[in-house]
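Under numbering that gives the first Met the number 0, the sequence shown has 197 at position 198, and the numbering climbs by one with no breaks. C-beta: ideal position from N, C-alpha, C; glycine also.
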Amino acid sequence: MKKRSLSGIKPTGTIHLGNYFGAIKQFVDLQDEYESFVFIADFHAITTVQNKEELSKNTLNITMDYLACGLDPKKVCLFKQSDLPEVTELTWYFNCLTTVPYLERATAYKDAKAKSKEASVGLFDYPILMAADILIQDADIVPVGADQKQHVEYARDTAIKFNNAFGETFKLPEPRILKEVATVPGIDGKKMSKSYSNIIPLFGTDEQIRKAVMSIITDSKAPADPKNPDECNIFAIHKLFLKGEELESLRKRYEEGGLGYKEAKDMLYEKLIAFITPMREKREYYENNIEEVKKILKEGAIKAKENIKAKMELIRNNVGVNIN
Ligand code: AMP
Ligand code: TRP
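So this is what it looks like as structure tokens:
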């Protein structure tokens, strides 16, 4: 029997190289070896996106992004979170076992507080909804970037609490985080993130991608100066695309001097466009066949629902809301 993999992304805007290398590429690479579930976390997105046109547009966009990146709906169950309202029911059972101080330790909530924003109850409870997503499907592994590690730990803790309170019900999931791409840096060297406005969009236009690449922050060394590649934000992104020989020869050019930042950026731009072009073409196909995209989501919802049926019965029996 294959082990099960599950992960999701919030439809909150444009996906970027961090999402691709940290998460989506893993989903694609795992789809043969694992029984795979990939979803669009639209319930989670409502913590920030509160506009119906935007939410539904983003949801279809990210579905097309997934497909263009190589997710095969014959191999992967691709669905949207809100087609499984049972996750909110499970979130409630979990909420009743979760303490306020425990959730106060969650990074996303602490960040919101540090910015002296009043967090919504939805943001506060975000990790528990995510625990429900993972545990309801009996996931063995959760492929994500490093920023989601704590959330997977919350899911494990929650499984243990539930099992202790109501009897053995859930297995404990493991995060799957790839070391080299655990935190993909943005154009300023900090973690690439929509909220830091430092992204390189995966499906941007040539112009948007060029603009992002040309804005990568560097020091002021002249082209002739020898440079330390490991301190260069351009090199850090080159590394995502280059392996072995190619990477070593670029490293050498940095160290020897003679490679200017402008040339390094031009090379990166060319590399990016070559990399993205086949995916763009695939995405255009889906843009022109949007009914096919909707059908994939509908079929995914049916399969995901089928998959949780027995588990939901077990959960309700164990909690005691079923009267047999
Ligand atoms: P988000 O955009 O926050 O919904 O993230 C979706 C997925 O992409 C999650 O698995 C994140 O961990 C991953 N991710 C987001 N940004 C990065 C990054 N800069 N490096 C690696 N993974 C990332
Ligand atoms: N919190 C994740 C993110 O921001 C999205 C997400 C929601 C998720 N539910 C999940 C990821 C379950 C993995 C498993 O990226």
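Heavy atom of ligand 1 within 6 Å of residue i beta-carbon
i      : result
Gln147 : yes
Met63  : no
Gly21  : yes
Gly256 : no
Met129 : no
Thr182 : yes
Asn18  : yes
Lys400 : In the structure as shown, the chain begins at 0 and stops at 323. Residue 400 is therefore absent and cannot be evaluated.
Gly144 : yes
Any non-hydrogen atom of ligand 2 within 6 Å of residue i CB
i      : result
Lys9   : yes
Ile133 : yes
Ala40  : yes
Met311 : no
His15  : no
Ser194 : no
Ser6   : yes
Val292 : no
Val141 : yes
His237 : no
Nearest-angstrom beta carbon gap, residue j and residue i [assumed within contact, 8 Å]
i      : j      : result
Ala67  : Met311 : With a Cβ gap of about 33 Å, Ala67 and Met311 do not count as contacting.
Pro172 : Ile140 : 7 Å
Thr58  : Gly121 : At roughly 17 Å, the Cβ-Cβ gap does not stay under 8 Å, so Thr58 and Gly121 are not in contact.
Thr98  : Gly144 : In fact, because the Cβ distance is near 27 Å, the residues do not count as touching under 8 Å.
Ile14  : Asp64  : 5 Å
Lys193 : Gly12  : 5 Å
Arg351 : Pro228 : What the structure shows of the chain is the stretch from 0 to 323, and residue 351 is not part of that stretch, so it cannot be assessed.
Leu246 : Thr62  : In fact, because the Cβ distance is near 33 Å, the residues do not count as touching under 8 Å.
Cα-Cα separation, residue i to residue j
i      : j      : result
Ser4   : Gly188 : 30 Å
Gly17  : Ile314 : 36 Å
Tyr19  : Asn323 : 47 Å
Leu96  : Thr106 : 20 Å
Leu239 : Asn162 : 41 Å
Ser35  : Ala22  : 13 Å
Asn197 : Val151 : 26 Å
Val318 : Asp156 : 18 Å
Ile199 : Val212 : 7 Å
Pro142 : Lys114 : 29 Å
Ser328 : Pro225 : With the chain represented from 0 up to 323, any question about residue 328 goes unanswered, as that position is not in the structure.
Lys190 : Pro184 : 4 Å
Glu291 : Ala44  : 24 Å
Thr276 : Ala138 : 33 Å
Leu128 : Asn50  : 21 Å
Arg175 : Lys148 : 9 Å
Lys24  : Leu177 : 11 Å
Ile159 : Val48  : 32 Å
Gly166 : Lys56  : 41 Å
Glu230 : Gly256 : 14 Å
Lys109 : Ile8   : 21 Å
Asp146 : Val180 : 11 Å
Same chain only: Cβ atoms within 7 Å of residue i, ignoring 5 sequence neighbours per side
i      : result
Ile233 : Ile215, Thr217, Tyr260, Ala263, Lys264 and Leu267
Ala131 : Val86, Leu89, Thr90 and Phe93
Asp41  : Pro10, Leu54, Thr58, Lys79, Gln80 and Ser81
Ser6   : Ala22, Phe26, Val37, Val141, Pro142 and Val143
Arg252 : Leu258
Phe169 : Leu134, Ala158, Phe161 and Asn162
Proximity test, residue i beta-carbon vs ligand 3 heavy atom, cut-off 6 Å
i      : result
Lys178 : Within the structure as shown, ligand 3 is missing, the only ligands being ligand 1 and ligand 2.
Contacts around residue i, its chain only, beta-carbon distance under 6 Å, and the 5 residues preceding and following it disregarded
i      : result
Pro126 : Ala105, His150 and Tyr153
Lys281 : Ala67
Ile289 : none
Gly203 : none
Lys74  : Gln30
Ala300 : Phe78 and Asp82
Same chain, Cβ closer than 8 Å to residue i, neighbours up to 5 away in sequence not counted
i      : result
Ala303 : Phe36, Phe38, Cys76, Phe78, Asp82, Leu83 and Gln136
Leu271 : Ile199, Ile208, Val212 and Phe240
Asn321 : Glu312 and Arg315
Ile133 : Leu5, Val141, Val151, Ala154 and Pro172
Lys1   : Glu32, Tyr33 and Glu34
Glu283 : none
Ala273 : none
In DSSP terms, what residue i is bridged to
i      : result
Glu34  : Arg3
Arg175 : Pro142
His15  : Pro200
Lys79  : Ile39
Ile233 : Answer is none; Ile233 lacks a bridge partner.
Lys238 : None; Lys238 has no bridge partner.
Ile334 : Shown here, the chain extends from 0 to 323; a query on residue 334 therefore has no answer.
Pro184 : Lys190
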